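Have a look at the structure below before the remarks.
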Amino acid sequence: MFATLSIGVTLLLVLLLARPTGLYIAKAFQYETTRLDRWFGWIETPVLRLGGIRRDDQTWKQYALAVIVSSLVMILLVYLVFRTQAYLPLNPSHIANMEPTLAFNTAISFMTNTNLQHYSGESGLSYLSQMIAIVFLMFTGPAVGLSAAIALIRGLAGKPIGNFFIDLTRSITRIFLPVSFVMAIVFVALGVPQTLEPTVIAHTLSGEVQEIARGPVGSLLSIKQFGNNGGGFFGVNSAHPFENPGAVSNLLQIVLMMLLGTAIPFTYGKMVGNPKQGRVLFLSMTMLFIVLLGVSLSAENAGNPVLNAMGIQHEQGSMEGKEVRFGMVQSSFFSVVTTAFETGAVNTMHDTLTPLGGLVTISNMMLNTVFGSVGAGMMNVLMYVMIGVFLSGLMVGRTPEFLGKKIEGREMKLIAVTLLIQPMLILAPTAIALFAYPETISNPGFHGLTQALYEFTSSAANNGSGFEGLGDNTPFWNIATGIVMYLGRYFSVVTLLAVAGSLAAKKPVSETSGTFRTDNGLFAGVFLGTVLIVGALTFFPALVLGPVAEYLTLKP
Amino acid sequence: MKEKKTMMSTAIIRGAIKESFLKLDPRVMVRNPIMFVVEIGFIITLALIFVPDLFGGSVSSGYNLTVAFILLFTVLFANFAEALAEGRGRAQADTLKKTKQDMKANKLNSLNQVKQVLSSELRKGDIVIVAQGETIPGDGEVIEGLASVDESAITGESAPVIKEAGGDFSSVTGGTRVVSDRITVRITSDPGESFLDRMIALVEGAKRQKTPNEIALSTVLTSLTLIFLIVVVTLPFFADYLEIQLEIPMLIALLVCLIPTTIGGLLSAIGIAGMDRVTQFNVLAMSGKAVEAAGDITTIILDKTGTITFGNRMASEFTPVGGHEEQETALWAAISSLKDETPEGRSVLELMRKQGLAYDPAIGEDAEFHEFKAETRMSGMDLRDGRKVRKGAVDAVKKWVVSQGGRVPKELDPNSERIAKAGGTPLAIAVDQEIYGLIYLKDTVKPGMKERFEQMRQMGIKTIMCTGDNPLTAATIAIEAGVDDFIAESTPEDKIAVIRREQAEGKLVAMTGDGTNDAPALAQADVGIAMNSGTVAAKEAANMVDLDSDPSKIIEVVSIGKQLLMTRGALTTFSIANDIAKYFAIIPAMFMLAIPQMEALNIMRLGSPESAILSALIFNAVIIPLLIPLAMKGVAYKPMSSAALLQRNLIIYGLGGVVAPFLGIKVIDLAVHLWI
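Chains as they are written, first to last, in the UniProt record's numbering: chain A, 1 to 556; chain B, 1 to 676.
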């Protein structure tokens with residue numbers, strides 16, 4: 001009862017914060033002078049001057065190129081840090097250099113806001129790597145996503161696309177840094193360690209020696225959740241007591257994960273000059289979220305029928321793989337939030353969720369439209385909006401229009417290839433893995449199939465959580481997921497920026513009563529229908545052979 | 001052409017059946033990627049019949065044969081739809097070609113001598129003489145003379161039209177026949193480029209290019225096809241991990257059912273049929289793009305005269321002046337109009353009849369009629385008894401009366417002003433020195449126009465009326481007709497200015513026109529419809545030509561354009577929505593043997609795995625011919641707001657698309673299961 005109430009409290013908190021946050025973001029990216037310039041100007045102006053950035057608007061091509069090149073440079077820098085961390089300072093626990101394929105995977109993983117971890121933080125990374133490589137990318141990764149989304153929204157609103165470097169700087173100075181700074185202090189106050197001291201060696205009463213890993217966790221934790229990064233300081237992520245000390249920190253982490261994803265629809269509504277456009281999307285996604293959360297909670301509550309049949313007590317629901325401190329409800333809630341918002345932090349092992357609970361997490365990532373991660377989620381949502389507009393727009397007998405711009409051949413071509421990339425990145429490599437590398441999968445049958453499917457889904461959606469048990473630190477998995485993460489992130493950024501550029505250049509058509517409206521309940525239905533039919537149809541067979549078959553065969 | 005409108009003849013169907021086999025040629029099929037995938041599926045299953053273990057499968061040849069057979073029919077049905085649509089156009093073209101047979105022409109050479117040449121030898125700029133009973137050898141312009149021309153070959157309208165040198169009625173079309181008099185014509189097109197040639201090419205669909213929306217939609221459909229190709233190609237690897245062997249025919253069946261074959265098979269038929277509907281409406285669209293653009297129109301510019309109003313002003317009231325009775329005024333108005341054959345004159349007698357007023361026609365017997373002349377601006381009768389009755393422009397009649405020593409009643413001027421202010425034209429009636437009163441001539445709005453403009457408003461289309469009238473008259477008519485806006489005293493330049501202004505606001509503008517001075521505006525408009533009676537310049541500038549020369553038809557053209565887009569959207573939605581049921585038929589069937597619990601997903605309770613797959617395939621195939629009539633006719637369209645329209649179509653084609661296959665597949669399975 002108390003646990004269920006805590007879900008209500010969390011959602012209420014998010015509901016209260018989402019709109020003001022969204023409006024703040026809209027203001028933060030406004031190029032006209034605002035009061036915010038006075039507050040942040042003192043840091044932004046020197047930074048931009050240092051980089052030699054002028055305030056000129058870029059074309060979509062320049063913007064996309066800036067995104068790609070900056071990201072590549074950052075990936076390369078971080079790769080070098082990982083490969084040489086043994087020789088670099090701040091390595092009190094004497095951690096060795098990272099192996100090349102793992103460093104490749106990890107650098108891409110954090111740059112793409114995925115935070116898929118084929119290593120364990122406490123044993124794989126030096127403090128320097130954690131701080132200047134991991135935490136660095138934890139700020140820039142989501143900042144790139146947010147900037148690209150803002151650029152797309154500007155294009156849809158018929159404004160110039162903007163300047164990537166200004167957007168990137170502002171994302172960090174105006175949004176990610178201030179919130180992370182404050183929240184890091186809050187987390188530290190709640191008991192999260194923040195230290196550069198090495199691992200503690202403790203001698204237990206029974207005379208055993210225990211190594212207790214610690215480090216600068218607080219500063220990583222706040223941006224990990226707020227930027228939908230998800231990469232843990234420790235291998236077990238937010239199930240570790242140092243990374244999630246209790247109920248309050250758990251609640252705050254969930255709120256942080258949800259905040260930007262729920263705020264951006266309002267940013268969008270504000271920026272396109274019609275708050276209803278954003279509200280419709282917010283409500284549609286909330287509906288999806290609530291339904292999926294409900295499925296997960298009821299499945300986890302029912303527990304594993306096989307274990308139940310053995311007479312094992314299951315009043316608290318399925319507790320397999322869950323932290324006792326959080327219990328079934330908070331674990332299930334966390335798992336739904338972390339996949340819906342493409343964060344990838346975990347406080348429970350998703351591998352041990354009941355089949356339907358697992359189905360919910362993987363569906364969240366396949367749809368990638370239940371809010372999604374900072375920016376990237378919204379971009380994907382807007383893509384589905386445009387597909388919905390196109391299909392139903394024809395049905396009112398007009399060339400489909402979205403926000404006063406006609407959606408024509410060029411836009412649909414770009415969207416069509418973007419739509420194609422998701423199944424390509426998930427299904428093709430999963431098939432290869434199942435066929436060529438079955439030995440790396442720790443389970444036979446349906447559950448094993450889900451493991452592989454989950455790993456690539458998580459990579460393609462830039463989520464980063466894992467269906468643990470997979471022997472994923474092998475060259476195949478490192479390279480394959482590295483490529484999938486990279487394409488999963490940047491392919492759609494480029495194509496959708498191209499759509500933005502193409503739409504921004506179009507002459508707006510005037511709105512009449514014959515125009516198809518995208519800000520009412522009917523359109524919410526169209527949007528949900530498009531997401532479910534186009535998105536779900538693609539993955540139906542794979543899901544049937546994975547979690548659905550597992551569920552059906554477990555059923556008494 | 002009117003009698004050719006029953007297009008579904010057995011000859012066309014027979015031709016289409018033959019054509020659908022010819023279209024199986026892979027070089028033709030590849031143009032439609034969706035159906036091409038089905039054809040490849042057919043070829044693979046066909047190969048499996050002869051070499052069953054080609055891919056190590058163990059499916060019986062009989063089953064393979066059945067699957068191959070259904071796939072073949074799926075492709076044939078799609079080809080049939082396209083061939084049928086093309087066939088209707090071709091039948092129309094054939095009749096047009098008959099008109100276009102080579103004929104003799106009387107060419108005038110530089111020495112002004114007439115020489116007989118073949119019409120195919122005529123070049124642009126040649127001058128020919130066409131006399132009564134002869135056929136005009138090519139498109140051209142009348143440079144001398146006046147003749148009545150029978151244009152029924154092109155327009156289907158049997159009443160001859162007058163063509164004369166100069167002015168807006170100077171253009172003639174090759175293949176039409178001079179029924180009286182004789183004209184000299186300057187040829188304006190080279191062989192192969194004439195109006196008739198273009199018309200034949202258009203209805204034949206020879207030059208059919210995909211329209212922008214069609215291209216966008218094809219891209220999406222191709223993308224969906226590729227997505228499902230990935231899904232189906234990766235599936236055996238997934239199954240293999242679970243040690244389940246999937247049979248090739250089943251995978252092909254799954255693929256064919258998932259890819260949007262319904263819309264893929266009907267897409268080109270929808271486009272051709274849409275063009276065809278416009279043509280059958282006696283409007284010739286120069287491209288499919290123009291028809292599509294018509295659906296997007298947000299502003300329509302209409303000429304008042306002839307489109308909104310009848311154009312001829314009609315008597316609607318008698319106003320007596322100078323102490324006369326209305327009966328008296330009406331009597332003299334009627335007498336003056338007895339021999340007046342103009343619409344105005346006739347409308348006076350009509351009004352008398354309507355008001356139940358009587359007059360004695362004997363008064364007018366043997367009277368001498370004076371026609372309306374520009375100099376006098378009056379018409380009337382000189383009666384036997386010497387009295388002169390006149391009817392005409394108020395100031396002209398005033399002058400005439402005064403010149404005979406009569407006097408002008410003082411209430412004449414206020415009354416004529418009142419009429420003018422209300423948008424009417426006052427005609428004064430006088431007998432010798434006595435002015436009897438005024439006839440109120442009113443330009444009457446065609447019945448039903450107000451309702452149509454209201455419909456357009458619901459469709460989100462703004463109507464602008466152009467008229468040469470003064471602003472007062474224009475405003476009155478505008479209110480009466482219910483148009484949204486008007487331009488009074490408009491010149492052709494005004495029209496272009498209005499079109500540009502609307503376009504600058506992001507509107508798409510359609511207009512109709514006929515005169516040479518309309519040509520720039522027709523070219524500027526997004527959709528320009530020229531009247532066939534109009535000049536060559538107007539027809540060249542427009543992207544549609546209305547053969548009936550009925551300017552109000554623009555409204556129907558807009559509807560047809562919308563219908564075309566809606567049909568595509570509706571069938572696409574239907575096609576994609578169908579996939580849900582097909583999944584629930586095929587997926588459990590594929591895995592039921594290996595995983596018996598999959599039975600839980602068999603929510604349709606289909607008889608057996610084999611029958612389930614066949615039923616889904618059969619449904620997938622037969623839905624194409626079942627929807628051919630819809631693709632040809634277009635989905636029903638009634639003007640309404642976009643929200644209402646979308647809701648209606650979403651329920652019928654979206655929800656219907658989800659539910660229909662569940663029922664259809666179940667019913668087919670009940671039959672199929674009897675054998676398997």
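Even for Gly, the Cβ is constructed at its ideal location relative to N, Cα and C. Values in this document were obtained by computation on a predicted structure and should not be read as measured data.
Within chain B, the C-beta atoms nearer than 9 Å to that of residue 555(A) come from 597, 600, in chain order.
When the five nearest sequence neighbours on each side are left out, the beta carbons in the same chain lying within less than 8 Å of the beta carbon of residue 36(B) are those of 26, 29, 30, in order along the chain. Within chain B, the C-beta atoms nearer than 9 Å to that of residue 408(A) come from 212, 213, 215, 216, in chain order. Residue 83(A) has a beta carbon lying at 8 Å or more from every beta carbon in chain B. Note: residue 211(A) is bridge-paired with 201(A) in the DSSP secondary-structure output. In the assembly as shown, residue 20(B) is a buried residue. Its beta-carbon has 16 or more other beta-carbons within 10 Å. When the beta-carbon positions are compared, residue 157(A) and residue 272(A) come within less than 8 Å of each other. Of all residues in the segment 648-673 of chain B, only 649, 650, 653, 654 come within less than 8 Å of chain A when Cβ atoms are compared, listed by chain position.
Exclusion of the five residues before and after residue 520(A) leaves 276, 280 as the residues of its chain whose Cβ lies within less than 8 Å of its Cβ. When C-beta atoms of the segment 364-378 of chain A are compared with those of the segment 621-636 of chain B, fewer than three pairs fall below 8 Å, so the two segments do not count as touching.
Around residue 331(A), the same chain offers 322, 323, 347, 348 as residues with beta carbons nearer than 7 Å, after the five sequence neighbours per side are excluded. If you draw a straight line from the Cα of residue 293(A) to the Cα of residue 34(B), it comes to about 38 Å. Annotation for residue 444(B): the continuous beta strand (DSSP E) segment containing it runs 434-445.
Taking 4 residues as the shortest admissible run, the segment 408-459 of chain A contains the following complete alpha helix (DSSP H) segments, listed from N- to C-terminal end: 409-436. By the C-beta criterion, the segment 407-425 of chain A is judged to be in contact with the segment 482-495 of chain A, since at least 3 inter-stretch pairs fall below 8 Å. As a beta-bridge residue in DSSP terms, residue 108(B) pairs with 114(B), 127(B). DSSP lists 301(B), 485(B) as the bridge partner or partners of residue 464(B).
When DSSP states are grouped into helix, strand and coil, residue 508(B) belongs to the coil group. With the rule of 3 Cβ pairs closer than 8 Å, the segment 60-69 of chain A does not count as touching the segment 92-108 of chain A. With contacts defined as CB atoms closer than 8 Å, residue 196(A) and residue 216(A) qualify as a contacting pair. In the three-state DSSP reduction, residue 348(A) falls in the strand class (E or B). Any Cβ of chain B closer than 8 Å to the Cβ of residue 542(A) would place that residue at the interface, and such an atom is present. Among the residues of the segment 488-508 of chain A, those with a Cβ less than 7 Å away from any Cβ of chain B are 507, 508, in the order of the chain. Apart from the 5 residues on each side of it in sequence, residue 220(A) sits with its Cβ closer than 6 Å to the Cβ of 135, 233 in its chain, given in chain order. Within the same chain, and ignoring the five residues on either side of residue 174(A) in sequence, the residues whose Cβ sits closer than 7 Å to its Cβ are 28, 36, 40. Taking the Cα of residue 111(B) as reference, the smallest distance to any Cα among 127(B), 338(B), 269(B), 432(B) is reached at 127(B). Going by C-alpha positions, residue 383(A) is about 10 Å away from residue 152(A).
The count of Cβ pairs closer than 8 Å, one atom from the segment 209-220 of chain B and one from the segment 179-197 of chain B, stays below three, leaving the stretches out of contact. DSSP, reduced to helix, strand and coil, places residue 354(A) outside both helices and strands of the structure shown, so it counts as coil. In summary, residue 238(A) is buried, with 16 or more beta-carbon neighbours lying within 10 Å of its beta-carbon over all protein chains present. Residues of the segment 509-533 of chain A whose Cβ lies closer than 8 Å to any Cβ of chain B, in chain order: 509, 510, 512, 513, 514, 515, 516, 517, 520, 522, 525, 526, 529, 533. Residue contact with chain A for residue 637(B): present (Cβ-Cβ distance below 8 Å to some residue of chain A).
Annotation: Cβ neighbours of residue 507(B) in chain A (cutoff 8 Å, chain order): 509, 510. Each residue's CA atom was taken as its position, placing residue 525(B) and residue 533(B) some 20 Å apart. Distance from the CA atom of residue 415(B) to the CA atom of residue 428(B), rounded to whole angstroms, is 11 Å. For residue 284(A), none of the residues of chain B pass the 7 Å Cβ criterion, the least Cβ distance being about 15 Å.
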